[in-house]
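Number of protein chains: 4
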Amino acid sequence: MLKIAILGCGRIGQMHAANIAQHPKADLAMVYDVYHPYAEMTATRHGVSIASTASDVFASIEVDAVLVATTTDTHADFIEMAVEASKPILCEKPIDLSLDRVNACAAKIVGTDVPIQLGFNRRFDPGHRAARNAVVNGDIGDLHQVIITSRDPDMPPRSYYETAGGLLRDMTIHDFDLARFMLGDEPSEVFAMGGGLIDPKMMTDLEDLDTAMIIMQTADGKQCHINNSRTAGYGYDQRVELLGTKGMVQSENKKEHEVRRFSSTQTETCAPYLNFFIERYKEAFNAEIDAFVTAITTGSKPEVGFEDGRRALMLAEAAYLSISQKRSVRIEEVG
Amino acid sequence: MLKIAILGCGRIGQMHAANIAQHPKADLAMVYDVYHPYAEMTATRHGVSIASTASDVFASIEVDAVLVATTTDTHADFIEMAVEASKPILCEKPIDLSLDRVNACAAKIVGTDVPIQLGFNRRFDPGHRAARNAVVNGDIGDLHQVIITSRDPDMPPRSYYETAGGLLRDMTIHDFDLARFMLGDEPSEVFAMGGGLIDPKMMTDLEDLDTAMIIMQTADGKQCHINNSRTAGYGYDQRVELLGTKGMVQSENKKEHEVRRFSSTQTETCAPYLNFFIERYKEAFNAEIDAFVTAITTGSKPEVGFEDGRRALMLAEAAYLSISQKRSVRIEEVG
Amino acid sequence: MLKIAILGCGRIGQMHAANIAQHPKADLAMVYDVYHPYAEMTATRHGVSIASTASDVFASIEVDAVLVATTTDTHADFIEMAVEASKPILCEKPIDLSLDRVNACAAKIVGTDVPIQLGFNRRFDPGHRAARNAVVNGDIGDLHQVIITSRDPDMPPRSYYETAGGLLRDMTIHDFDLARFMLGDEPSEVFAMGGGLIDPKMMTDLEDLDTAMIIMQTADGKQCHINNSRTAGYGYDQRVELLGTKGMVQSENKKEHEVRRFSSTQTETCAPYLNFFIERYKEAFNAEIDAFVTAITTGSKPEVGFEDGRRALMLAEAAYLSISQKRSVRIEEVG
Amino acid sequence: MLKIAILGCGRIGQMHAANIAQHPKADLAMVYDVYHPYAEMTATRHGVSIASTASDVFASIEVDAVLVATTTDTHADFIEMAVEASKPILCEKPIDLSLDRVNACAAKIVGTDVPIQLGFNRRFDPGHRAARNAVVNGDIGDLHQVIITSRDPDMPPRSYYETAGGLLRDMTIHDFDLARFMLGDEPSEVFAMGGGLIDPKMMTDLEDLDTAMIIMQTADGKQCHINNSRTAGYGYDQRVELLGTKGMVQSENKKEHEVRRFSSTQTETCAPYLNFFIERYKEAFNAEIDAFVTAITTGSKPEVGFEDGRRALMLAEAAYLSISQKRSVRIEEVG
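So the protein sequences, as listed, match chains H, L, Z and Y. Numbering follows my numbering, with no gaps: position 292 of the first sequence is 1393. Numbering follows my numbering, with no gaps: position 22 of the second sequence is 1123. Numbering follows my numbering, with no gaps: position 142 of the third sequence is 1243. Numbering follows my numbering, with no gaps: position 265 of the fourth sequence is 1366.
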């Protein structure tokens, strides 16, 4: 059994703890959270010990690997500590809000063979993966266009916005990674538009966006569109569409159940979409843990690693530059 | 934590064992199977002990309740033993293949307040339940028609057929129970037709059916249709449709994922349906365990009990009588 | 151009008149209706003459063929007149409400080679036909089960009920014909249940039904279910499902347009179904005329003729007998 | 009856001729085509006369209005002639491939009250219109995002490409108009990307595009995405999605019929999409004629006129400029 420690026992950390506890080849080793009650709640639930400091976790011989679900500002430090301690790490996205910090981290860990996996859970969603596999298997011929729809159900509170680092680094970062996964290639050029349509005043105050549209293309011309909204009145909307020369494949939303209703005013009405990401991507989060365990136990490189996290952030930076300069930005410009 | 023992560690027993192990308010107490390797496999997986005999299970003070997933011919005995030992029991369907034996069992346990729950898992499916709730909430007005489609993906082997007790007692029994649940009432009259369309020779040899259609009505005229097939080339097909004065509700099939494919010959092609019952009714099996635990811990009567098992078997008997006499059969005739 | 006269210029006759007028190989020849204003309205719209009597129509050398959309009690007479006048006839269903009258008519026209087509429009619906073709082409293997759902949007007024001849002869007659078309075979045995669930008092008064369920089987065991309701709160519901050894095909409802709506309480809500039969079966009614014109001009036998009308009525009679005697009825019994 | 003449009797002109002939308030007056056999074929079919020259049509007192379906290079001339002759005109899109020519035409006809309708048929599609109405009625709250998917089924031949005027002026022009219709507002800023992915060599030769993505925003920040492909292997794909603060509405594709197929490898497979625009937008083309007739007979301004055609072309020009300069282009820049 692979013994995995959790750093960060908030909502996402707790979910990961439960997933690790249920995994047939992994055990929860210990937990840590700077806010002690969270650590205690998770430790009690799973009958494991609480580390006093993060350093203790990395030093412990009872820990084979670590999962980091702390605040973003600690991610790069923990990745460096994990590499130093030779402990495989599964780190939540993003690596950091600053590309400089990410690049510094990259320089520090260069050449390491310690497995580092980034928490881009959406790649592991069975539907999204089946869509990508349709491309890989040649089912739709050569890929030409990728359309990613990614909308949150509700506007987060101002406090969340204040520390999240901006829509494109916090939310769209998932879509940038998904775009790279679906394209099987690097976007080389980015065009973006965004604004404050849901809460214009707050967005102006915070210099942030709540609604955005992006188009990108790869060096050989494949095109990708991402649309984002912080609030979709009908639920959490997560779709991917892939157009190829021979056909199309769509990965659609998941519902609470498969009931359809019919009345005098409507037909075939379906249940609400699964809401929110913990429910919608439940299978993906489990598959993500499984991929991490498999990578470590088989000695293979994680499917989605540090460089993927860095690339997604570069796309976010390019998109911000595009918005401010109202022009297409080449990825090298933010390298 | 409620300590539940498992009797019968075949495919279904193993699934129940895993569900109990994961339940936040229940623990697996011990296991038993007449075929020792099955008991051992399940005991090892969950780190519990193996009982030498079924009687030991009922006698054990470490056992708060039992789940019976043994062969059908043992169910009635185990129900009687559970009542005698005052241990709540969740027993797989059917109670017995003989209505006489079921009635004898009923007579023996009459007046007991030991909780007895029957394994009619489909009542607990979120979709089916939401459909029924639409009726209860008045969303579709007065209920007039119920249509149940229930088709297995593949013909079981001859050996299965030889002991299963006949299509209507083994497979349709679920649909008879679901019909009663959806109608919220007792069917009073049954018409049935059936034959051997998939494997006519085997069906003739075994005097069994592989394909059937049934219509039923309640005393106040509500109508219900069930169609069954032992093999639906496209997967496990489990649907319920409810027609009321104000509208309709359908509980549809569940798919592997929500991917749609488009090519030169087809559009909106969906993934295969979840196959087989353990996958399709995964949530239902968990909810069934949860309902059992809740009934015991809150002292309430299980939602679906012995009498439901007896009623479903009566409908099966009525349907057989209808097929042989080519007439409508009233439920009292088989009482 | 084939010159077709219309007998009966009510709602359905007017629709047929417009369809004939638009057909590239047919012209409207003249019209007749016992109620003169209807004849006048239709004649004016299409610039054709009005016949004084039905006999004049059959006698006219300007008429190549007749379409009969008069009241049911005149159909058999007009069929006999058409045969006598050697004018091909497309006659609305049913031939008559009395099987004796139908048989008498059959005896009178026996051996005729005058083309007689019955107005079973649903056979010509592109969706229903594609479903049947899937069977014919072997796409779903051997056919085992047919499920026909046929529900009207609204309860007709008492006056309609008083002359319609009973649910099974008036409404289900279409489904009996569709069952025969889909089975590609004759049902040999019929079980039926029915009652007054929508308007129990009126149904009791008129000894009629507003809700019914039927199961039938062919000599070689193929099964068919029909469910009917005089009022489906969500619109006109017309579906066919065919189960075979290799797969299934469903012909579903048609909507006003392909818009889907999403809000906080529902997803993927579709538009109302096309309502009523003139809208829903628009393409079918046109294809029916086209088939009639083609049969006449190519000298081939109409796809759906007198015997089909007689057989559908026999199934209705068998179903009534089944309801009254609460038993399965063999088709020979009503022959 | 409004007497409408057709200029241009190619495929689209013939379709319009048939639609006019069937319209209850309009008659086909006469036809003209520079290629005489086309004129003859259409004239014969509808029993109308052939004009020797386009001028004769505009001069004829038997002509109340004209429908122009000739080649693009004649549109502006005919619009000017129609205004001079005071004949209402329904002109196919685009007005011209040159914005200068369009502006010159605008200057020439400035102040006219002769009804001019542009052939942006998609606005009249029942589904697209219902989607727009959902916004107008407030069903989805404030509109934030519009997503238009517009893909042709097959790559047109090189000869078509050589005269069509470029993807954005020929094909996307429809989507630019639809964007304006759906937004209920003017896009003020355009970003575009495009390339030759289907036939890179031909696109390079002709300096044209076969695949494109565009994002636009209005002055108040509403966003719109258009994606185009000259070949969608699965058929003609025409979708619109509207996101608002309270919900979403989608106008989806139309199929040949509503049959769903199920086999061992797939479920819920639908029929191919209607292919091509004459079939897919059949109702829209009829509604377009009806709107033209209504505008003329009621003296109201056509819903979609000259300025709409000019605006759509401006968006195309802005998009071309964006592609060449890799920057966002403001609509004023191409004014």
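Glycine residues also receive a C-beta, built at the ideal position from the N, C-alpha and C atoms.
Asked                                                                                                                                                                                                 : Found
Would you tell me roughly how many angstroms separate the C-alpha atoms of L:Val1247 and Z:Ala1313, rounded to the nearest one?                                                                       : 12 Å
With Y:Leu1103 and Y:Thr1398 assumed to form a contact (beta carbons below 8 Å), what rounded beta-carbon distance in angstroms separates them?                                                       : 6 Å
Beta carbon of Y:Asp1311, beta carbon of Y:Gly1297: below 7 Å?                                                                                                                                        : yes
Starting from Z:Met1102, trace the alpha helix (DSSP H) in both directions and tell me its first and last residue.                                                                                    : Neither: Z:Met1102 is in no alpha helix (DSSP H) and is coded neither H nor E.
With DSSP collapsed to three states, give me the class of L:Cys1110.                                                                                                                                  : coil
Going along chain L in order, which residues have a C-beta closer than 8 Å to the C-beta of Z:Thr1312?                                                                                                : His1245, Gln1246, Gly1322 and Gln1324
Contact criterion: CB-CB distance below 7 Å. Does H:Gly1336 meet it with respect to chain L?                                                                                                          : no
Measuring straight from C-alpha to C-alpha, what distance separates Y:Met1415 and L:Leu1343?                                                                                                          : 54 Å
Examine chain Y for any beta-carbon lying closer than 7 Å to the beta-carbon of L:Thr1370, and answer yes or no.                                                                                      : yes
Along chain L, in chain order, which residues have C-beta atoms closer than 7 Å to that of Z:Ile1316?                                                                                                 : Phe1292, Met1294, Met1314 and Ile1316
Let me know the secondary structure DSSP gives L:Asn1354 once reduced to three states.                                                                                                                : coil
Is the separation between the beta-carbon of H:Val1341 and that of H:Ser1352 shorter than 7 Å?                                                                                                        : yes
State buried or exposed for H:Ser1187, treating a residue as buried only when at least 16 other CB atoms are found within 10 Å of its CB.                                                             : exposed
Does chain Y have any CB closer than 7 Å to the CB of L:Ser1364?                                                                                                                                      : yes
Output yes or no for whether 7 Å exceeds the beta carbon distance between H:Ala1122 and H:Val1164.                                                                                                    : no
Between the alpha carbons of Y:Ser1153 and Y:Asp1174, how many angstroms are there, rounded?                                                                                                          : 19 Å
Check the Cβ-Cβ distances between H:Gln1426 and every residue of chain Z, and say whether any is below 7 Å.                                                                                           : no
Could you pull out every residue in the same chain whose Cβ sits closer than 6 Å to the Cβ of Y:Gly1228, ignoring the five residues on either side in sequence?                                       : Ser1352
List, in order along the chain, the chain Y residues whose C-beta lies closer than 8 Å to that of Z:Val1350?                                                                                          : Val1360, Arg1361, Arg1362 and Phe1363
Does L:Tyr1374 come within less than 7 Å of chain Y when only Cβ atoms are used?                                                                                                                      : yes
Under a Cβ-count criterion, where at least 16 other Cβ atoms within 10 Å of its own Cβ denotes burial, should L:Glu1408 be classed as buried or exposed?                                              : exposed
Using the three-state DSSP reduction, which class does L:Leu1310 fall into: helix, strand or coil?                                                                                                    : coil
Beta-carbon within less than 8 Å of Y:Ala1118's beta-carbon, same chain only, minus the 5 sequence neighbours each way: which residues are those?                                                     : Ile1107, Cys1110, Leu1129, Val1132, Thr1143, Arg1146 and His1147
Have a look at the DSSP bridge pairing and note the partners of Y:Arg1340.                                                                                                                            : Y:Thr1250
Three or more beta-carbon pairs under 8 Å between the stretch 1219-1238 of chain Z and the stretch 1416-1436 of chain Z, yes or no?                                                                   : no
What three-state label does DSSP hand Y:Tyr1133 in the structure shown?                                                                                                                               : strand
Considering only residues of the stretch 1157-1195 of chain L, which uninterrupted beta strand (DSSP E) runs meet the minimum length of 3 residues and lie entirely inside it, listed in chain order? : 1166-1169 and 1190-1192
Can you tell me where the alpha helix (DSSP H) holding L:Met1415 begins and where it ends?                                                                                                            : Phe1407 to Gln1426
So which residues of chain Y does L:Lys1356 contact, with C-beta pairs closer than 9 Å?                                                                                                               : Thr1368 and Glu1369
Would Z:Glu1353 count as contacting chain Y if we go by Cβ distances under 7 Å?                                                                                                                       : yes
In chain order, what residues of the same chain have a beta carbon less than 6 Å from the beta carbon of L:Ile1315, not counting five sequence neighbours either side?                                : Ala1293, Ile1327 and Ala1420
Pair every Cβ in the stretch 1359-1379 of chain Z with every Cβ in the stretch 1356-1374 of chain H, then say whether three or more of these pairs are closer than 8 Å.                               : yes
Give me, in chain order, the residues of the same chain whose beta-carbon lies closer than 7 Å to that of L:Asn1120; leave out the 5 immediate sequence neighbours on both sides.                     : Phe1386, Asn1387 and Ile1390
Using a C-beta to C-beta distance shorter than 9 Å, which residues of chain L count as neighbours of Z:Lys1347?                                                                                       : Gly1334 and Tyr1335
For H:Phe1377, collect the residues of the same chain with a Cβ closer than 7 Å to its Cβ; drop the 5 residues on either side in sequence, then sort them by chain order.                             : Pro1254 and Tyr1337
Let me check one thing: in DSSP terms, what residues is Y:Arg1361 bridge-paired to?                                                                                                                   : Z:Gln1351 and Y:Cys1371
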